[in-house]
C-alpha cells in the first residue's frame, strides 16, 4: 500500500489524501459539495448521538424547519442578510422542460419562474424567527429550546473536504427567552456543552472565548466560540454559540406579554457545530500512517485479524477470533473480526492503521498455543503479547487509557504552542516560526485587528473567557490594553 | 378546549386540524413546505431509530450525498428525469446583492449565474450512481449497501401536511449488486423490512404488492410497495422498494469485472419511506378526540397528572406521582409527570388526549388513601381504579396490549373494507359507498387502468404478492384476467 505523503512534507496534501484514502469523504460532481462516505458518516453519527443526548439532557427538543427562505424573510434582519448574501444559492424556478433545440436534454422552464426567489438556508434564524412569531404570545410560551439537525449551503469559492464545503451538515439550536440574563446563560451553557463534548468525546482540548466584533456572527450581539489548535499550528473554530439579543425579535416583530402584561421583544440565542468537526478530529490526532481515532467516536474500536497458513489454522484462529469478538461485544465494545480470505494480514494491518482503529488484535497459531494474542495500539504504535485471560477487561481499560492519552497529548501540544508575544517582532517571529496560539495585547480597535490581519494573516481567535486582567500595551499600536487575546492563523 | 371537527363531518378538515392542534406540524412561510414541530419530530425520531436499526441489522451503512444534482447528471437517466422534471426546484444563481433601486433590499446578482443549473434533489439516484461509478471496478466492490437520511424537494401544487409537501424528510437506500437475482432479493427484503416495521412499530397493517407499469417509479423495472388503508376508505402508499435493473448503471456507465474478468453493468435497487408515514400513522389510529399513538412511537407513553385542592394535597400527590414516574422510567417506559400548577387537571386530560398519550394516570388524595390510582386508556377510553402494588408491571403489559390492540383494530377495519367486485357496477357501488380496497379482475392493459381511473378516480394500488391465481374477466373490459388486483382511491 502506497504511503501517505508526510505531514512534514505537505500538511495540506497529507490531510486531503488522508480524508480520501481512509474512506471518509470525497469531492462530488457538484462544485464544492462532498460525498460523506460510510466510514466518515459513521463517525459523524457517533458525534451526533453524543451531542443529541447532551442537548436533550439540557432540555432541548428537535424540530425541522424549511430548507428554503423566501428572499423577503431572508433580508429582514439586515446584518444577518448582509453577512450571508454573497454566498447564497438561490432557487429561481420550479420546473424543467424538454429543450426543443436539444433532444433528450432538459432546460429550465422560463414559464416556471418563482414570484419570489428562495434562498437555500445558509443558517435558519430568519425562517425560524418568522415561525416563532406565531408560537410566542406570553411569558408562558417561553423559553423555547429547539434544535435542528440539517444541511445548509454557503457558496464557497475555495473548498476543502469537511473544513469548508458549499453544503455541510450541522445542528443549529435556536432558543427564545423572556430575559437577557436567561439568554446569556443559555449561550454560555451551550458553549460549555460543546467544550465538554470536544474534550471528552473528540479528545480535542479547546479554548473558550468570545469573538471580537469583526469576527462575530452576522446578526449577533456576542459570539462565543471554542477554538482548537491543529498540528500545523493553525487554529480551527470548532463551535459557536451566539447571544442574538433582541435583533431577530425586532426584525420579525416577536413580542411577548410579561407577567405584568407589558409587551417586550423576545431574547434569542443560536448555536451550532458542523461536519467541520470531522476536520478538527482528523487534524488533531492523525499521523503519517493515517487516521488516529479516539475510541469514543471510532466506528470500530477493536479489529481482530486471524493469522494462518493451513486450513486447520484458519479454522482455529477464526474460531478464536470470533470468541474474542463476541466477548468484547458483550461488554459494549465495538469489535470486528476481519476473516476475509482475499487479503493478507499485512494488507489488513495497514488498512486498519489507515482507518485509525484504536486497537488491533492478531490471533495466530503460536499465540493460541500460548493462550495469548498480539495487541497493537494505534496511537502509540506499541505492540505486546497479552494473555487471553482477562482480555476483555484489559481492552476496556486500554480504550479509556487511549482516549485520555489522546486528549493529554493534544493538550500538551496546545500548551506548548501557546506563546506570549510582547511586541510585534516577537509576534511575527512566532507566527512565521512554529505558529500556534499567540497571546498578545491588543488595543481593542477593529482597525488594529484589521491591520494585523492584513500584514500577517493572523486573526484574533477569541478573547479567552478565563483571561486574567493584565494591563499592557498593544503589540501593534502601542496603545493601552486591559488584557491579552489569542491570535493565530486559522482554518 | 374547543373540540375537533369530527371525522364524520369532514375527514379532511379533521386531519388538518388534528395535525396542527396536536402540535405535530404547521404550514410555513414557504409555499408547500412545513415546519415539523417538536412533538411531531419526536415521533419521527422514533420511526427513524427503529428503521435505522433494521437497516443496519440487514447490513446497510449510512452515507451522505449532495443536495444538488447538476442538470447534466439529472437528465442522464431519461425516464427518471422525465418523471421528476416537472417538479424540480432549480438553483440558477449563487449570490444576492443590494438592490440599487430598493435600499435595504436584496436582489439576485445577475453576474452570479451558474454555468450549469443545479436541481435540488427530488431523489438521489443520479448523483449517487454518478458516485458509485468511481467506487465500483470489480465484483469485489459489490454489493454496496448504502442508505441516506435526507431532505428532498418535489414541487407540488396542492400540498397537505405530511402527506404531500414540497420538501419532505425521508431515507433512501441505494444498493448495487453483481447479479439480477441478488438485486431482486434486496428489493423484496427491504419491502419486508418496511412491512414488518409498519405493522409492529406503527401498528399499521399493510398489503405488500407490485405496482403496475403506470404507477412505477420513474426509472425502475419494478416497484414494490406497501399499501395501507385509512379510516375514510382511501389507500395510502406507505413505502416503496424499486428494482432498478441496469438502467442507472447504463445511464452512468457503471460496469464491474466479474470473477471471470468479463465486464457487465451493475444491478441496482432503491427504497424509501418518508415523513408521509406520519400522515399514515395519524389517519390510521386517531379519533374525534385527537391523536391516538401506538406506544412504540409515543414520545410520552404514560402521563401522570396529580389532582389536588390544598397545598398539602399538592405536595402529597406530586410526591406520589414522582415515585410512580421514576419506577416506570426505571423499566424503560417513557413516563412524564405534569406537575405544572397553572393548568387544571381537566385541561391537562384534554391536552394529553389530543396528543394521543397511550396511558394516563391520575393521582388524587382519595386514590392515595386507598393505595391506588386512576388509570385511563387513550385507545379504548376505558378508566379503572388500579392498585399501586405491581403498577409498573401492569402498565408494561398494558402498553403491549394497546400496541397489539391498535394493530388488530386496524387490521379488522382493513379486512372489512376489502371487497371483491365482479363487475363494473359493483365496483362503482363499493367505491361510491364505503370505499376501501376493491379486489377485482383487470385485463392487464394500461388503457383499461387509465379508463377506470378517469371514470372513478380509483387507481390500481398494487398487484398483491400473495394473490392466488384465479382466472376471470376484467370488470371494465370483459377481457380475460389471470388474477385480482387491488383498486382504491388513494392519498
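Chains as they are written, first to last, in this note's numbering: chain L, 13 to 503; chain Z, 13 to 503.
All residues carry an ideal CB built from backbone N, CA and C; glycine is no exception.
Small disclaimer: the values here were computed from a predicted structure and weren't measured.
Taking 9 Å as the cut-off, decide whether the C-beta atoms of residue 313 (chain L) and residue 369 (chain L) are in contact.
Going by C-beta atoms, residue 313 (chain L) is nearer than 9 Å to residue 369 (chain L).
Can you tell me the Cα-Cα spacing of residue 276 (chain L) and residue 166 (chain Z), whole angstroms?
Cα to Cα, residue 276 (chain L) sits roughly 40 Å from residue 166 (chain Z).
Please tell me whether residue 71 (chain Z) has its Cβ less than 9 Å away from any Cβ of chain L.
No, residue 71 (chain Z) does not count as interfacial toward chain L.
Out of curiosity, what's the CA-to-CA distance linking residue 393 (chain L) and residue 304 (chain L)?
Cα-Cα distance, rounded: 11 Å.
Check the C-beta distance from residue 311 (chain Z) over to residue 55 (chain Z) and give it rounded, since I have them as a contact under 8 Å.
Rounded, the Cβ-Cβ distance is 6 Å, consistent with contact.
For residue 116 (chain L), return the contacting residues in chain Z, with the cut-off set at a CB-CB distance below 8 Å.
What residue 116 (chain L) touches in chain Z: 87 and 90.
For the segment 167-180 of chain Z, which residues have a CB atom closer than 7 Å to at least one CB atom of chain L, in sequence order?
Flagged, chain order: 167 and 179.
Would the segment 287-294 of chain Z count as touching the segment 174-190 of chain Z if we require 3 or more Cβ pairs under 8 Å?
These segments touch.
Give me whichever residues DSSP pairs with residue 120 (chain Z) in a beta bridge.
In the DSSP output, where bridge partners are listed per residue, residue 120 (chain Z) has Z:108.
In whole angstroms, what is the alpha-carbon distance linking residue 58 (chain Z) and residue 52 (chain Z)?
Computed Cα separation, rounded: 10 Å.
Using a Cβ-Cβ cut-off of 9 Å, state whether residue 189 (chain L) counts as contacting chain Z.
No, because no Cβ of chain Z sits closer than 9 Å to the Cβ of residue 189 (chain L).
Start and end of the alpha helix (DSSP H) containing residue 297 (chain Z)?
Element bounds for residue 297 (chain Z): 288-297.
Would you mind reading off the limits of the alpha helix (DSSP H) that contains residue 152 (chain L)?
Unbroken run through residue 152 (chain L): none, as it is neither H nor E.
Along chain L, which residues have their Cβ under 8 Å away from the Cβ of residue 47 (chain Z)?
The contacting residues are 75, 76, 77, 78 and 143.
Looking at the strands, I want to know which residues DSSP matches up with residue 33 (chain L).
Answer is none; residue 33 (chain L) lacks a bridge partner.
At least one CB of chain L closer than 9 Å to the CB of residue 50 (chain Z): is that the case?
Yes, contact with chain L.
Candidates Z:46, Z:497 and Z:270: which alpha carbon is nearest residue 479 (chain Z)'s?
Of the listed residues, the one whose Cα sits closest to residue 479 (chain Z) is Z:497.
For a contact meaning CB atoms closer than 8 Å, what does residue 337 (chain L) contact in chain Z?
None at all; the shortest Cβ gap to chain Z is about 17 Å.
Buried or exposed: which applies to residue 47 (chain L), given that a residue is buried once 16 or more other Cβ atoms fall within 10 Å of its Cβ?
When all chains shown are included, residue 47 (chain L) counts as buried.
With a threshold of 8 Å, are at least 3 pairs of Cβ atoms found where one atom belongs to the segment 315-333 of chain L and the other to the segment 348-364 of chain L?
Result yes; three or more Cβ-Cβ pairs closer than 8 Å.
Report yes if the CB atom of residue 86 (chain Z) is closer than 9 Å to the CB atom of residue 131 (chain Z), and no otherwise.
Taking 9 Å as the Cβ cut-off, residue 86 (chain Z) and residue 131 (chain Z) qualify as a contacting pair.
What separation, rounded to the nearest whole angstrom, lies between the Cα atoms of residue 445 (chain Z) and residue 23 (chain Z)?
Each residue's alpha carbon lies about 15 Å from the other.
Does residue 365 (chain Z) come within less than 9 Å of chain L when only Cβ atoms are used?
No, residue 365 (chain Z) lies away from the interface with chain L (no Cβ there is under 9 Å from its Cβ).
Under DSSP, the beta strand (DSSP E) around residue 165 (chain L) begins and ends at which residues?
First-last of the beta strand (DSSP E) with residue 165 (chain L): 156-165.
Just to make sure I have the definition right: I need the residues of chain Z whose C-beta is within less than 8 Å of the C-beta of residue 54 (chain L). Which are they?
Ordered by position in chain Z, the residues that pass the 8 Å Cβ test against residue 54 (chain L) are 73 and 74.
Excluding sequence positions up to five away, which residues of its chain have a Cβ less than 6 Å from the Cβ of residue 240 (chain L)?
These residues qualify, in order along the chain: 216, 218, 248, 250 and 292.
Determine which residues share a DSSP beta bridge with residue 444 (chain L) and list them.
Note: residue 444 (chain L) sits in no beta bridge, so no partner.
Can you find a CB in chain L that lies within less than 9 Å of the CB of residue 109 (chain Z)?
It does; some Cβ of chain L falls within 9 Å.
For residue 233 (chain Z), which option in Z:257, Z:45 and Z:221 has the closest C-alpha, if you only look at C-alpha atoms?
Of the candidates Z:257, Z:45 and Z:221, the one whose C-alpha sits nearest the C-alpha of residue 233 (chain Z) is Z:257.
Do residue 455 (chain L) and residue 492 (chain L) count as a contact pair if the criterion is CB distance below 9 Å?
Against a cut-off of 9 Å, the Cβ pair of residue 455 (chain L) and residue 492 (chain L) comes out as a contact.
Could you tell me if residue 115 (chain L) is buried or exposed, where buried requires 16 or more neighbouring beta carbons within 10 angstroms of its beta carbon?
Exposed is the call here.
Ends of the beta strand (DSSP E) at residue 332 (chain Z)?
Not the beta strand (DSSP E): residue 332 (chain Z) falls in the alpha helix (DSSP H), residues 323-342.
Taking only three categories from DSSP, how would you classify residue 302 (chain L)?
In the structure shown, residue 302 (chain L) sits in a strand (DSSP, three-state: E or B).
Using a Cβ-Cβ cutoff of less than 6 Å, which residues in the same chain neighbour residue 495 (chain L) once the five nearest sequence positions on both sides are dropped?
Once the five neighbours on either side are set aside, the close Cβ partners of residue 495 (chain L) are 479, 481 and 482.
Within 10 Å of its beta-carbon, does residue 13 (chain L) have 16 or more other beta-carbons around it, so buried, or fewer, so exposed?
The residue in question, residue 13 (chain L), is exposed, as its Cβ has fewer than 16 Cβ neighbours within 10 Å.
Report the residue from Z:317, Z:320, Z:210 and Z:271 whose alpha carbon sits nearest the alpha carbon of residue 308 (chain Z).
Closest option to residue 308 (chain Z), Cα to Cα, is Z:210.
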